[in-house]
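*Asks:* Take 238 as the starting number for the sequence shown in this note's numbering and just add one per residue.
Glycine included, each C-beta is placed from N, C-alpha and C at the ideal position.
These figures come from a predicted structure and were not determined experimentally.
The structure under discussion is supplied below as structure tokens; questions concerning it will follow.
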Amino acid sequence: MKPDLVVIGGGLAGSEAAWQAAQRGLQVLLHEMRPKRPTGAHATDRLAELVCSNSLGSNLPDRASGVLKTELRTMGSFLLACAEETAVPAGGALAVDREAFAELVTERVQGHPRIELVRSEVERLPAGPAIVASGPLTSPALAADLQQWLGGPHLYFYDALAPIVEYESVDLSIAFRASRYGGVRYPTATI
Ligand SMILES: Cc1cc2nc3c(=O)[nH]c(=O)nc-3n(C[C@H](O)[C@H](O)[C@H](O)COP(=O)(O)OP(=O)(O)OC[C@H]3O[C@@H](n4cnc5c(N)ncnc54)[C@H](O)[C@@H]3O)c2cc1C
């Protein structure tokens, strides 16, 4: 059957996108190239494999990533629900058992009646509606095709969770310092 939507990449973004579209009635074709074509960081054939930290950041309502989680929960995020089902103790953070998390996402995506999961590399952008969710380790062939479409010589990977902030740009009259793990706040004036 001709899909309504093609999703390229069954990582975190692609799994969520495929699920949300399918839940809204679209017939989704999800391409994941692993295990046929591995990346330099993924170690399994599972969808939504976390390649580094198993922490999804703070769960506290007064932290930016905690606010983001509240929004995602309100909007019915599929991945957040999977993360909460496979959570491990991590203080104020949401951390998961990475294997159980990826396994659960894979099982649910594969079991969705409107998602067809195909284990193949997409080398060129498809003609119809598509979401490119191939992540920072996009295969070289697709990256080359994207570069042609976008007209630039390079693609860039911005790590949203690790922005670089110039110290001089911080307004110290309202900023505070705190331990990442302890949660204790110190007025800047006392440091
Ligand atoms: C080594 C490393 C460490 C990282 N550590 C962290 C961290 O600790 N915390 C953090 O928040 N972020 C980290 N990141 C960033 C991390 O990759 C993203 O947070 C997250 O994985 C991005 O999700 P995504 O869905 O965009 O990409 P991914 O999770 O990488 O998913 C993309 C998927 O697309 C597939 N794919 C690629 N090309 C094709 C193709 N042509 N056809 C079909 N399938 C394709 C890949 O196999 C992959 O499964 C790290 C990245 C790397 C490379």
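Output yes or no for whether 7 Å exceeds the beta carbon distance between glycine 247 and leucine 284.
*Replies:* One-based indexing of the sequence shown puts residue 247 at position 10. One-based indexing of the sequence shown puts residue 284 at position 47. Yes, these two residues count as a Cβ contact at 7 Å.
*Asks:* Over what stretch of residues does the beta strand (DSSP E) that includes alanine 330 continue unbroken?
*Replies:* Numbered from 1 along the sequence shown, position 93 holds the residue referred to as residue 330. Counting along the chain, the beta strand (DSSP E) containing alanine 330 begins and ends at 330–333.
*Asks:* In angstroms, rounded to a whole number, what distance separates the CA positions of threonine 427 and glycine 277?
*Replies:* Counting from 1 along the sequence shown, the entry for residue 427 is found at position 190. Counting from 1 along the sequence shown, the entry for residue 277 is found at position 40. Residue confidence for threonine 427 is low, a pLDDT of 46 falling below 50, so the modelled location carries little weight; the figure read from the coordinates is stated next. Cα to Cα, the separation comes out at about 45 Å.
*Asks:* Would you say the beta carbon of proline 373 is closer than 6 Å to some non-hydrogen atom of ligand 1?
*Replies:* If you number the sequence shown from 1, residue 373 lands on position 136. Yes, the beta carbon of proline 373 sits closer than 6 Å to at least one heavy atom of ligand 1.
*Asks:* Give me the Cβ distance between serine 292 and alanine 332, rounded to the nearest whole Å; I'm assuming they're in contact under 8 Å.
*Replies:* Here residue 292 refers to the residue found at position 55 of the sequence shown. Here residue 332 refers to the residue found at position 95 of the sequence shown. Sure, about 4 Å apart at Cβ, within 8 Å.
*Asks:* Please determine whether the Cβ atom of glutamate 358 lies at a distance below 6 Å from any heavy atom of ligand 1.
*Replies:* Translated into positions along the sequence shown, residue 358 becomes position 121. Correct: glutamate 358 has its Cβ closer than 6 Å to ligand 1.
*Asks:* Does the beta-carbon of threonine 343, which I'm using as the reference point, lie nearer than 6 Å to any heavy atom of ligand 1?
*Replies:* Here residue 343 refers to the residue found at position 106 of the sequence shown. No, since every heavy atom of ligand 1 falls outside the 6 Å radius drawn around the Cβ of threonine 343.
*Asks:* Count the CB pairs spanning the segment 258–274 and the segment 287–302 that are closer than 8 Å, and state whether there are at least three.
*Replies:* No: the two stretches stay apart, fewer than three of their Cβ pairs being nearer than 8 Å.
*Asks:* State the CB to CB distance for the pair glutamate 353 and alanine 378, rounded to an integer number of angstroms; the pair is presumed to be in contact (CB under 8 Å).
*Replies:* Along the sequence shown, one-based indexing puts residue 353 at 116. Along the sequence shown, one-based indexing puts residue 378 at 141. Between alanine 378 and glutamate 353 the Cβ distance is about 22 Å, and since that is not below 8 Å, they are no contact.
*Asks:* Taking the continuous beta strand (DSSP E) assigned at glycine 294, which residues delimit it?
*Replies:* Along the sequence shown, read from residue 1 onward, the residue named residue 294 stands at position 57. Where glycine 294 is concerned, the enclosing beta strand (DSSP E) stretches over 292–295.
*Asks:* With 16 as the cutoff for other CB atoms within 10 Å, does leucine 233 come out buried or exposed?
*Replies:* Any answer about residue 233 is impossible in this case: the structure gives the chain only from 238 up to 428.
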